[in-house]
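Working notes, structure below.
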Amino acid sequence: MEERTRQNLDLLVERYPVLGQCKDDIASAYNILEEAYAAGRKLLVAGNGGSAADSEHIVGELMKEFKLKRKIFSAQADRLKKIDADMGPVLADNLQGTLPAISLVGEPALSTAFMNDAVPELVFAQQVNGYGKPGDVFLGISTSGSSKNVLYAAVTAKSKGLKVIGLTGQKKNKLETFADVCIHVGETETYKIQELHLPVYHCLCMMLEDHFFGNQD
2 MEERTRQNLD LLVERYPVLG QCKDDIASAY NILEEAYAAG RKLLVAGNGG
52 SAADSEHIVG ELMKEFKLKR KIFSAQADRL KKIDADMGPV LADNLQGTLP
102 AISLVGEPAL STAFMNDAVP ELVFAQQVNG YGKPGDVFLG ISTSGSSKNV
152 LYAAVTAKSK GLKVIGLTGQ KKNKLETFAD VCIHVGETET YKIQELHLPV
202 YHCLCMMLED HFFGNQD
């Protein structure tokens with residue numbers, strides 16, 4: 002982990018000392034994500050309620066610029082300009098570099114059809130089964146660590162060769178048994194857990210952005 006990338010983690014713990022207890026797990030989660038993105042893989046994210054909103058939030062930070070400018074590679078910019086003289090330059094100047102991520106809570110037609118026709122608790126698992134490829138990562142967010150639809154998705158992810166990251170509260174839980182790493186933030190009440198989840202995933206997004214886009218001109 003580069004020094005600048007690590008500084009994001011140090012600053013996180015400085016601002017939120019309670020997260021010091023899970024600093025090593027955050028670093029391990031980062032390493033899993035960095036390895037996956039370096040290999041051209043993607044992230045799948047799921048959660049319920051407020052954690053569903055977090056899933057969408059994470060994807061928003063990864064799929065576009067967060068803190069840094071993300072230029073597309075010059076080779077792609079050149080190809081765009083050759084394809085169309087009018088639209089190519091607009092795309093080349095305005096498209097942003099991306100870290101591929103999919104929120105499994107954001108497909109209402111698919112999810113409602115599946116929940117109506119099949120077993121509702123398998124809705125995330127079905128999407129992992131369709132989207133997941135070996136080397137991808139599944140991030141399951143659950144304040145209790147016992148959300149059935151997240152657990153089914155984690156089991157499916159393991160069966161497909163994905164790495165699994167859990168983001169939960171302080172208590173031991175079922176999700177951690179399937180996770181390659183589980184980040185336990187140091188709270189037990191749902192809203193307090195959610196208040197700590199946001200700075201954790203913001204930090205992970207900043208660390209990834211620094212690593213993959215921090216050296217651009």
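Quick note on our numbering: the sequence shown kicks off at 2 and runs consecutively. Even glycine gets a Cβ: it sits at the ideal position worked out from N, Cα and C.
Each of H198, A93, H58, F74 was checked against the Cα of N216, and the nearest Cα belongs to F74.
By the neighbour-count definition (other C-beta atoms within 10 Å, threshold 16), V91 is an exposed residue. When the Cα atoms are used, G170 and K68 turn out to be separated by approximately 27 Å.
Looking from the CA of P121, the closest CA among Q195, K149, A40, F139 belongs to K149. Secondary structure note for A114: it is in no beta strand (DSSP E), and the uninterrupted alpha helix (DSSP H) holding it is 109-118. Secondary structure of F139 (DSSP, three-state): strand.
For N174, the closest of I142, H203, S160 by C-alpha to C-alpha distance is I142. The closest CA to that of T99, considering only D87, V14, Y132, G41, is found on G41. Counting the other Cβ atoms within 10 Å of the Cβ of V19 gives fewer than 16, which makes it exposed. In this structure, the alpha-carbon of K134 lies about 15 Å from that of S104. Taken through DSSP and simplified to helix, strand or coil, L163 comes out as coil. Assigned with DSSP and collapsed to three states, K24 falls in helix. Of all alpha-carbon atoms in V60, K24, L197, F179, the one lying nearest the alpha-carbon of A158 is that of F179. In this structure the stretch 59-68 lies against the stretch 201-214, because at least three pairs of beta carbons, one per stretch, are closer than 8 Å. For K24, the closest of E210, F213, L197, D211 by C-alpha to C-alpha distance is L197.
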